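Residue numbers (our numbering): 2 to 444.
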């Protein structure tokens, strides 16, 4: 249908400071950072009333991700979801009803783009549809928040860079990590040289499940489980791995030079076309290697990113991070309950509770870890990366600032991800083309 409106039916560490920080520096910095964050939280004022009118948003794609974004937006100040669009009525109708009677429903996204009340669009559709919908939204003068991965193909990524620059509207890619305070703090520590030269990053995103959504009728199989089919999706790498690849690109301000990978449909023999397991290595300038592993038949370890440096390791989870110092930088005499006093260490009086957060130290393969903490501002209690990313998008729309997760950063990550997908699907080594550097400085 194409009617204008329908009611609900229808990477490395060599760039760090020359003087390597001592262990005392590391821990003192951690204490100071933690204290500063807590002090900032105590002083943070309440959110002032917004004098400007709310940003009026239309959501393209009201499936599991799109409807989830609509719920998050309703918790954020300064916006109003005025329209939703999907080709599946049984997904569209509940999504728009959850917003309210004044949220309009569309089955044709072009009709929603014609709606003058919609000033910003969220694209939360299958990956293969991103490029065309973003192009049309830019042509309609809309600000755009495009879910990751920005585009399915490299050519489309390059094309969007030029289109966004010409459009003059705000464009943000839906990578949340760079907006999350904990992830930003981890990035700051790595860039400062706290764990030395990083030579390897290990990333994983493991689950034990078939990754399928329930389908009410077989005719909707490919529309609902589009992540299973190569026509629409890059599978595990595009839907999960691209998040972590983007974060590594951002932390080190680098992109991979070459990629190799393996994968297969080795467990879930259910007609899917995208891999149920992948194992990829990305090689970055300076020799840093980044491993990404994703399984769907074993969830051990779940989600994690390990930054492995010459002086230590940071293990980052969804909402937690821990610093492990290398053996030469650690107190020795570790027992099952913590440290024993050592007269030859000036910090030997450290107790079992660490000086960063007061939390009990954790042990990992005999190493003692120091939690990296962050204290959210009172008004950000309960926020995850999506809340922070959408809030930043709204701020960019109101202020006209270029997002951190901008079109060039999005292109870097889309290209990096596509190289990995092609390495897995076609074999061999995939290399970054010098031509991609013409995309410009992503900072």
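Quick reminder that beta carbons are idealized off the backbone N, C-alpha and C, glycines included. Quick caveat, the model's predicted, so the values are computed rather than measured.
Whether residue i touches residue j by CB criterion (8 Å)
i           : j           : result
residue 155 : residue 416 : yes
residue 71  : residue 199 : no
residue 253 : residue 285 : yes
residue 170 : residue 210 : no
residue 1   : residue 106 : In the structure displayed, the chain extends from 2 to 444; residue 1 sits before or after that span and is not available.
residue 258 : residue 384 : no
residue 80  : residue 56  : yes
residue 113 : residue 147 : no
residue 159 : residue 145 : no
residue 139 : residue 121 : no
residue 58  : residue 187 : no
residue 174 : residue 151 : yes
residue 129 : residue 232 : yes
residue 246 : residue 414 : yes
residue 242 : residue 421 : yes
residue 127 : residue 227 : yes
residue 104 : residue 133 : no
Buried/exposed call for residue i, threshold 16 Cβ in 10 Å
i           : result
residue 195 : buried
residue 98  : exposed
residue 250 : buried
residue 301 : exposed
residue 163 : exposed
residue 149 : buried
residue 102 : exposed
residue 394 : buried
residue 407 : buried
residue 240 : buried
residue 166 : exposed
residue 218 : exposed
residue 27  : Its pLDDT being 46, under 50, residue 27 is placed unreliably in this model, and the coordinates cannot settle the point.
residue 172 : buried
residue 265 : exposed
residue 297 : buried
residue 76  : exposed
residue 435 : exposed
residue 67  : buried
residue 348 : In this prediction, residue 348 scores a pLDDT of 39, lower than 50, which makes its location untrustworthy; the coordinate-derived value is nonetheless stated afterwards. When all chains shown are included, residue 348 counts as exposed.
residue 157 : buried
residue 410 : buried
residue 43  : Residue placement at residue 43 cannot be trusted, given a pLDDT of 32 that sits under 50; the coordinates are not used to answer.
residue 390 : buried
residue 117 : exposed
residue 256 : buried
residue 125 : buried
residue 36  : With a pLDDT of 37 at residue 36, under the threshold of 50, the modelled position of this residue cannot be trusted; read the value that follows with caution. Exposed.
Presumed contact (8 Å Cβ cut-off) between residue i and residue j, rounded CB distance
i           : j           : result
residue 260 : residue 424 : 5 Å
residue 388 : residue 73  : 6 Å
residue 295 : residue 207 : 7 Å
residue 280 : residue 262 : 6 Å
residue 131 : residue 110 : Actually they are not in contact, since the Cβ atoms of residue 131 and residue 110 sit about 12 Å apart, beyond 8 Å.
residue 305 : residue 324 : Going by Cβ atoms, the distance from residue 305 to residue 324 rounds to 14 Å, so no, they are not a contact pair.
residue 248 : residue 178 : 4 Å
is_contact[residue i, chain C] using C-beta, thresh 8 Å
i           : result
residue 308 : Checking the listed chains, one finds no chain C in this structure; it contains a single protein chain.
heavy atom of the ligand ZN below 7 Å from residue i C-beta
i           : result
residue 178 : What this structure holds is no ligand at all, so the ligand ZN is not there to describe.
(request) Evaluate the contact criterion for the region 210-223 versus the region 301-321: three or more CB pairs, one atom per stretch, below 8 Å. (result) no
(request) Would you check if the region 398-407 and the region 227-238 touch, i.e. whether three or more CB-CB distances between them fall below 8 Å? (result) no
(message) Quick check on the DSSP output: what are the complete alpha helix (DSSP H) runs of length 4 or more inside the region 170-239, in order along the chain?
(response) 182-192, 222-225
(request) Within the region 240-283, note down every full beta strand (DSSP E) run reaching 3 residues or more, in order along the chain. (result) You should have 259-265.
(message) Contact between the region 55-66 and the region 183-197 is defined here as three or more beta-carbon pairs at a separation below 8 Å; is this criterion met?
(response) no
(message) With three or more C-beta pairs closer than 8 Å as the rule, is the region 173-193 touching the region 258-277?
(response) no
(request) Please go through the region 371-444 and give each complete beta strand (DSSP E) segment of 3 or more residues, from N-terminal end onward. (result) none
(message) Just to confirm the assignment: which complete alpha helix (DSSP H) runs, minimum length 4, are found wholly within the region 97-183?
(response) 110-114, 131-140, 155-168
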